[in-house]
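Going by our numbering, the sequence shown wraps up at 820, each residue one higher than the last. Don't be surprised by glycine CBs; every beta carbon is placed ideally from N, CA and C. Inspection log for the structure reproduced underneath, given as structure tokens.
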Amino acid sequence: MNPGELALLALVIPAAGAVLVGLLRSSPNLREAASLITGGVLLGVVMQIHRAVAAGEVPRFVLAEPLPGIPLELVVEPLGMIFALVAGSLWIVTTLYAIGYMRGHHEKNQTRFYIFFALAISCTMGVAFAGNLFTLFIFYEALTLSTFPLVTHAGTDAAKRAGRVYLGILLGTSIGFQLLAIIWTYLLTGTIDFEMGGILEGRAGEGVVAVLLALYVFGIGKAAVMPFHRWLPAAMVAPTPVSALLHAVAVVKAGVFSILKITIYVFGIDFLTQLGASVWLMWAAAATIILASLVAFRKDNLKARLAYSTISQLSYVVLGAMLANTMGIIGGGMHIVMHAFGKITLFFCAGAVMVAAHKTEISDMKGLGRTMPVTFAAFFVGTLSIIGLPPAGGTWSKWFLGLGALDAGQVGLVAVLMVSSLLSIGYLMIVPVRAFFSPAAPNPHGHGHGHANGGIHEAPLPSLIAIVITSLCCFALFVYPDPFFRLISMVAGP
């Protein structure tokens, strides 16, 4: 099977897994085994495609041509390969975590959860391997629709309200702004293909480019650039594995990945640098970085705090794209990976605390580190990566973003990155510090914490294994970031 056919297979495998899960709905053990096996097969296929891309090949596969000259086409280039590797790797881990969480929390409709989770991964692979703007838009919208049942999983009034916000913002921005930008791009250039160096140079002036770029940045609502960010904290009513999917594996990463890909292959970083049309959007991203961090400080609910942290961290990737230079693109591409593993670790830990200790508020987690040491040690590791401190992988992406800001002559943006890291220390590091070093909060029933009296313990074993895996990956990405660095360097320019 050639690499182009393998790209198609990467879309088919999760979809087939969804069907298999549905067929095995009456046997939870077989259903969950099917989910894990499907994830393993997908990762194997993605790794085979990676070998071809790393060797310089560009796998292609035309799915259909619904419009003359505008095919629904898969093209695997290095940036898309990065996204596929992240999604393929984390699907298995998130499924493992979900098995412990969904059973430990006694969630209803678990079969439906695994079905739509698999469908979302299939759509994610479509986004990663999109060969043109039309294909990207189709799979982007399909991802929104496939994740809607996950956001509304609980079926409560709050979940339904969150679902309306989710669909309203994501469909509203994509149809109102992104689709308009795609049509405008086609009218200007006669093509919507992704091409190295971009397709707009010589076909649009500075004013048009600035407006068009803004339509893409704000039209890709999954990137959660303010003011189109409310869907993300609203979606936190969903189960924690869904939050992990939204924040690390698929949805938000599809957003920032799309912005980075369009910057490179539609506008071209040299063309943007020449025009200076992206400077004001650098500062829009910088404002989101700081404002979301400040809001995170005010949230006592751990998942809400992590949601605003994600909004802030996503704009690091947007900032890297808008810097439109080699270091900025490398930093943005690397941050897609580093944030994925760091933030999924934090969400896994938040879910573990809820399942094992029934705690959701940070103020109630004092002393919990003594009875959940693995969970809070992993939270500490994930925090290091989000802050950008050694020996965690987030160090590298923030280093390259800082270099990109200096190369662009934007010293103020270096200050923004530094302030943001300090804010991250304040609103994230306090969680493990309180858990390990604060006196235990009194039990409302007069008991302390612990197995014997308070009944608090670590999360179910599958969830705990997943937490350990992702936290170790944060360290591994610091020691050996080379595979992702080589891929992003292939598209970032000399």
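Consult DSSP for residue i and reduce its assignment to one of helix, strand or coil.
i, result
"Phe-463", "helix"
"Pro-699", "helix"
"Arg-386", "strand"
"Ile-396", "strand"
"Asn-355", "helix"
"Asp-519", "strand"
"Glu-527", "coil"
"His-773", "Note that His-773 has pLDDT 42, beneath the 50 cutoff, so the model's placement of it is unreliable and the number below is only indicative. Coil, per DSSP."
"Glu-687", "strand"
"Val-707", "helix"
"Tyr-427", "helix"
"Ala-342", "helix"
"Ala-333", "helix"
"Ala-536", "helix"
"Val-644", "helix"
"Val-401", "strand"
"Ala-576", "coil"
"Ala-456", "strand"
"Asn-779", "With a pLDDT of 39 at Asn-779, under the threshold of 50, the modelled position of this residue cannot be trusted; read the value that follows with caution. Coil at Asn-779, not helix or strand."
Confirm, please, whether the CB-CB distance from residue j to residue i is below 8 angstroms.
i, j, result
"Lys-629", "Phe-520", "no"
"Leu-398", "Ile-464", "yes"
"Ile-637", "Ala-550", "yes"
"Phe-583", "Phe-544", "no"
"Pro-559", "Tyr-466", "no"
"Cys-675", "Ile-793", "yes"
"Lys-640", "Thr-709", "With the sequence shown as reference, residue 640 is identified as Leu, and Lys is not the correct amino acid for it. Against a cut-off of 8 angstroms, the Cβ pair of Thr-709 and Leu-640 comes out as no contact."
"Gly-365", "Ile-418", "yes"
"Val-592", "Ile-525", "yes"
"Ser-604", "Leu-749", "no"
"Ile-408", "Phe-810", "yes"
"Leu-672", "Leu-632", "yes"
"Leu-538", "Trp-510", "yes"
"Gly-452", "Arg-386", "no"
"Pro-448", "Ala-341", "Checking the sequence, you will find Ser at residue 448 rather than Pro. Against a cut-off of 8 angstroms, the Cβ pair of Ala-341 and Ser-448 comes out as a contact."
"Leu-787", "Gly-343", "no"
"Val-621", "Ala-561", "no"
"Ile-764", "Val-707", "A small correction: the amino acid at residue 764 is Ser; Ile does not occupy that position in the sequence shown. No, the pair does not count as a contact, with Cβ atoms beyond the cut-off."
"Phe-554", "Gly-657", "no"
"Lys-724", "Gly-714", "yes"
Buried or exposed for residue i, going by 16 or more other Cβ atoms inside 10 Å?
i, result
"Ala-333", "buried"
"Leu-790", "buried"
"Gln-600", "exposed"
"His-777", "Summary for His-777: the model assigns pLDDT 42, below 50, so the residue's position carries little reliability, and this model does not support an answer."
"Leu-482", "Checking the displayed sequence, the identity of residue 482 turns out to be Thr instead of Leu. Exposed, because fewer than 16 other Cβ atoms sit within 10 Å of the Cβ of Thr-482."
"Asn-651", "buried"
"Glu-391", "exposed"
"Gly-533", "exposed"
"Trp-722", "buried"
"Met-373", "exposed"
"Ala-424", "buried"
"Ile-795", "buried"
"Ala-413", "buried"
"Pro-567", "buried"
"Met-660", "buried"
"Lys-486", "exposed"
"Phe-623", "exposed"
"Ala-611", "buried"
"Leu-513", "exposed"
Just checking my contact of residue i with residue j at CB under 8 angstroms: how many whole Å lie between their CB atoms?
i, j, result
"Ala-580", "Ile-670", "The Cβ separation is near 15 angstroms, so there is no contact."
"Gly-693", "Ala-761", "7 angstroms"
"Gly-719", "Cys-800", "5 angstroms"
"Val-757", "Met-698", "Contact doesn't hold; Cβ gap of about 12 angstroms is too wide."
"Ile-616", "Ser-500", "Their Cβ separation, rounded to whole angstroms, is 26 angstroms, which puts Ile-616 and Ser-500 out of contact at 8 angstroms."
"Leu-541", "Ala-564", "Actually they do not touch by this definition, with Cβ atoms about 29 angstroms apart."
"Gly-819", "Ile-595", "6 angstroms"
"Thr-437", "Val-347", "6 angstroms"
**Study point:** the region 359-376 / the region 456-464 touching (three or more Cβ pairs under 8 angstroms)
**Key:** no
Exercise for review: Give a yes or no on contact between the region 809-819 and the region 396-408, applying the rule of three or more CB pairs nearer than 8 angstroms.
Suggested key: yes
**Study point:** Contact between the region 436-450 and the region 805-812 (3+ Cβ pairs under 8 angstroms)
**Key:** no
Exercise for review: Check whether the region 412-430 touches the region 674-681, counting contact only when three or more Cβ pairs, one atom from each stretch, lie closer than 8 angstroms.
Suggested key: yes
Review point. Using 8 angstroms as the Cβ pair cut-off and three pairs as the minimum, do the region 472-480 and the region 524-533 touch?
Key: no
Practice item. Check whether the region 334-349 touches the region 363-377, counting contact only when three or more Cβ pairs, one atom from each stretch, lie closer than 8 angstroms. Key: yes
Check your understanding: Does the region 639-648 come close enough to the region 727-741 to have 3 or more Cβ pairs within less than 8 angstroms?
Key -> yes
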